[in-house]
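Protein chains in written order, with our numbering: chain A, 16 to 351; chain B, 16 to 351. Data block below; observations after.
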């Protein structure tokens with residue numbers, strides 16, 4: 016295929032961080048996506064209407080010159096219970112989803128709640144107020160490769176207890192998670208990252224140690240990657256793109272205790288074009304990157320378009336001080 | 016226990032590297048062990064009598080002042096077939112074992128032989144000349160967590176084809192490998208490292224990424240660690256210490272593509288005392304570190320003694336420019 020025109024993609028799971036780096040990460044994201052849903056595990060975490068207002072303004076300020084069409088939707092962190100009034104105020108500042116991180120499972124989750132049932136009062140309000148609940152679905156104390164699988168009992172229970180609540184199991188990485196989401200009601204969806212479509216443990220610890228492929232949840236066995244690919248390439252509206260693009264500086268990755276996260280925003284869409292093309296499913300790409308997610312979140316579908324042409328693109332060794340996915344290699348598509 | 020006196024330990028699997036670093040690593044090893052079997056995957060690899068002679072001299076020169084009793088036994092690399100005359104000459108220079116690395120499985124193994132059967136002519140001579148065959152038992156093209164398991168078919172075949180050849184499956188890391196060695200004839204033994212007794216994947220990729228715990232073969236599931244512990248603490252003479260202490264500079268570990276290896280030599284014996292003590296098997300420590308290995312290799316048992324006392328020892332952040340196991344933490348025993 017020589018070129019492809021698709022709606023400007025949505026990314027329903029992205030980390031834009033805070034401080035000076037936020038401007039760079041937001042600008043890079045705004046050149047790849049029309050809309051993003053920004054995660055709240057910043058330092059400090061996003062939990063108040065004032066913080067959301069400021070965060071949104073910073074992002075739009077950083078991107079308005081180069082991508083005036085760029086839209087950002089916000090999440091807030093479920094590290095405590097919220098009142099109905101607080102939730103209403105958060106909504107006014109652009110929050111469309113609440114994000115739950117179990118204690119200690121990933122970057123900046125040391126304030127996570129150990130028992131999700133302690134948040135049921137708030138989750139009930141989320142259901143009432145039509146928020147989406149986004150879950151980092153890993154059970155903290157399980158063996159690293161079992162954490163997602165062990166979390167699924169909580170997902171099933173939430174889906175049952177809150178039948179009208181829309182729930183997204185984020186960045187699924189296992190055959191068991193794909194299966195669970197398939198079998199649960201239509202209120203339960205999943206995001207899929209670019210890296211969980213292409214990596215297994217072999218790409219982190221199989222040869223040399225590759226810190227830039229290290230992330231949570233961990234890429235796992237080939238059977239798990241195959242299961243994630245199967246649902247991504249199935250055309251099932253429960254599965255859509257959330258890159259979990261999670262930049263850390265090179266220094267924070269290449270050290271004695273490297274941070275978890277793959278910085279995929281700069282390359283996500285060109286890689287997806289190739290992956291869908293190689294799977295013979297290019298006709299399903301549009302819904303995956305710019306259809307099912309918007310539908311699930313109740314947003315209008317994107318009307319702006321972007322064209323990618325088949326032209327090799329050399330990925331720099333670093334982008335915004337972070338090492339992106341496929342750094343130093345060539346990918347096959349470039350935006351026109 | 017307040018103190019323990021044991022024979023000076025033997026390490027039947029150690030990497031001392033080459034060049035300037037060799038002096039430091041050898042000196043450190045000589046303060047922990049009475050005898051070591053040095054691995055041949057240096058740059059260039061140890062394959063000729065001249066190289067072995069020089070290597071041995073360098074090690075003894077580095078250690079004679081501080082540890083005049085220190086003895087080094089050598090291996091050579093099976094990256095080609097050798098004649099009977101060559102093997103005899105290698106023996107004269109201190110080689111007691113040949114080491115087989117499959118292609119590409121670990122540090123400096125890019126000259127490995129893809130098919131071990133291509134080496135059967137030499138392996139037959141090893142049997143005739145009473146050498147030991149040491150195996151890095153990993154199948155190169157298998158998924159990272161399956162490589163050891165997939166190699167076991169070669170081990171079984173070797174044991175059958177060469178019934179008088181003594182074979183050591185090095186650094187076992189899986190329940191399947193422990194089981195296989197248990198079930199094979201007495202000609203087949205295994206070394207066990209300190210780190211495979213204590214680490215699982217959780218310690219490499221469970222929380223932050225820990226490059227200093229990254230090694231080949233990979234520490235695996237808790238069930239695998241438990242199986243390795245079970246045979247180590249069983250008193251079965253097939254299982255003895257080979258630390259696979261494998262120093263790399265801090266820079267080569269904390270980078271974009273970190274080297275595999277745990278530097279355990281500086282702390283191996285104190286940690287083992289604690290592990291055997293906690294398992295209630297302290298009476299089996301002596302045979303594990305200074306008995307079964309010598310017996311298997313046909314060497315006299317060590318007669319010199321060393322005493323460890325219960326006195327906390329703070330492990331430095333680096334030793335010889337490399338980050339040792341348990342760096343920055345306290346261990347419970349120190350040599351008197």
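Virtual Cβ for every residue (Gly too), placed ideally from N, Cα, C. Predicted model only: the values in this text are computed from it and were never measured.
CB contact check: residue i to chain A, cutoff 8 Å
| i | result |
| --- | --- |
| residue 86 of chain B | no |
| residue 292 of chain B | no |
| residue 269 of chain B | yes |
| residue 233 of chain B | yes |
| residue 261 of chain B | no |
| residue 138 of chain B | no |
| residue 225 of chain B | yes |
| residue 217 of chain B | yes |
| residue 282 of chain B | no |
| residue 221 of chain B | yes |
| residue 274 of chain B | yes |
| residue 160 of chain B | yes |
| residue 166 of chain B | no |
| residue 118 of chain B | no |
| residue 236 of chain B | yes |
Straight-line gap, residue i to residue j (C-alpha atoms, nearest Å)
| i | j | result |
| --- | --- | --- |
| residue 129 of chain B | residue 96 of chain B | 13 Å |
| residue 318 of chain A | residue 69 of chain A | 27 Å |
| residue 151 of chain B | residue 29 of chain A | 42 Å |
| residue 123 of chain B | residue 57 of chain B | 7 Å |
| residue 32 of chain B | residue 78 of chain B | 15 Å |
| residue 141 of chain A | residue 280 of chain B | 55 Å |
| residue 37 of chain A | residue 48 of chain B | 53 Å |
| residue 322 of chain A | residue 44 of chain A | 16 Å |
| residue 54 of chain A | residue 226 of chain A | 22 Å |
| residue 266 of chain B | residue 228 of chain B | 14 Å |
| residue 275 of chain B | residue 315 of chain B | 33 Å |
| residue 190 of chain B | residue 138 of chain A | 43 Å |
| residue 273 of chain B | residue 313 of chain A | 45 Å |
With 16 other Cβ atoms within 10 Å as the buried cut-off, status of residue i
| i | result |
| --- | --- |
| residue 298 of chain A | exposed |
| residue 84 of chain A | exposed |
| residue 100 of chain A | exposed |
| residue 259 of chain B | buried |
| residue 250 of chain B | exposed |
| residue 205 of chain B | buried |
| residue 159 of chain B | buried |
| residue 98 of chain A | exposed |
| residue 184 of chain B | buried |
| residue 108 of chain B | buried |
Closer than 8 Å to chain B by CB, residue i
| i | result |
| --- | --- |
| residue 109 of chain A | no |
| residue 209 of chain A | no |
| residue 338 of chain A | yes |
| residue 229 of chain A | yes |
Nearest-angstrom beta carbon gap, residue j and residue i [assumed within contact, 8 Å]
| i | j | result |
| --- | --- | --- |
| residue 262 of chain B | residue 40 of chain B | 6 Å |
| residue 162 of chain A | residue 196 of chain A | Not a contact, Cβ separation roughly 16 Å. |
| residue 354 of chain A | residue 180 of chain A | Only positions 16 to 351 of chain A appear in the structure, and residue 354 of chain A is not among them; the question remains open. |
| residue 4 of chain B | residue 236 of chain B | As displayed, chain B neither begins before 16 nor continues past 351, which places residue 4 of chain B out of reach and without an answer. |
| residue 264 of chain A | residue 346 of chain A | Not quite, the Cβ-Cβ distance comes to about 23 Å (not below 8 Å), so this is no contact. |
| residue 295 of chain A | residue 186 of chain A | Going by Cβ atoms, the distance from residue 295 of chain A to residue 186 of chain A rounds to 25 Å, so no, they are not a contact pair. |
| residue 308 of chain B | residue 27 of chain B | 5 Å |
| residue 71 of chain B | residue 51 of chain B | With 8 Å as the limit, residue 71 of chain B and residue 51 of chain B do not qualify as a contact, their Cβ atoms being about 11 Å apart. |
| residue 348 of chain A | residue 325 of chain A | 6 Å |
Residue i: first and last residue of the uninterrupted alpha helix (DSSP H) it sits in
| i | result |
| --- | --- |
| residue 196 of chain B | 190-198 |
| residue 350 of chain B | Run containing residue 350 of chain B: none in the alpha helix (DSSP H); it sits in the beta strand (DSSP E), 345-350. |
| residue 243 of chain B | 237-247 |
| residue 285 of chain B | 283-293 |
| residue 304 of chain B | 300-305 |
| residue 146 of chain B | Residue 146 of chain B -> no alpha helix (DSSP H), and no H or E assigned at all. |
| residue 167 of chain B | 162-176 |
| residue 37 of chain A | 34-45 |
First and last residue of the uninterrupted beta strand (DSSP E) at residue i
| i | result |
| --- | --- |
| residue 328 of chain A | 320-329 |
| residue 86 of chain B | 86-92 |
| residue 206 of chain A | 203-207 |
| residue 181 of chain A | 181-184 |
| residue 380 of chain B | The structure shown has nothing for residue 380 of chain B, since chain B only spans 16 to 351. |
| residue 22 of chain A | 18-22 |
| residue 102 of chain A | From DSSP, residue 102 of chain A is part of no beta strand (DSSP E) but of the alpha helix (DSSP H) over 99-107. |
| residue 114 of chain B | 110-115 |
| residue 76 of chain A | It is not in any beta strand (DSSP E) - residue 76 of chain A instead sits in the alpha helix (DSSP H) that spans 64-78. |
| residue 26 of chain A | 25-29 |
Closer than 8 Å at the beta carbon, the chain C residues around residue i
| i | result |
| --- | --- |
| residue 239 of chain B | Looking for chain C here will not work: the only protein chains present are A and B. |
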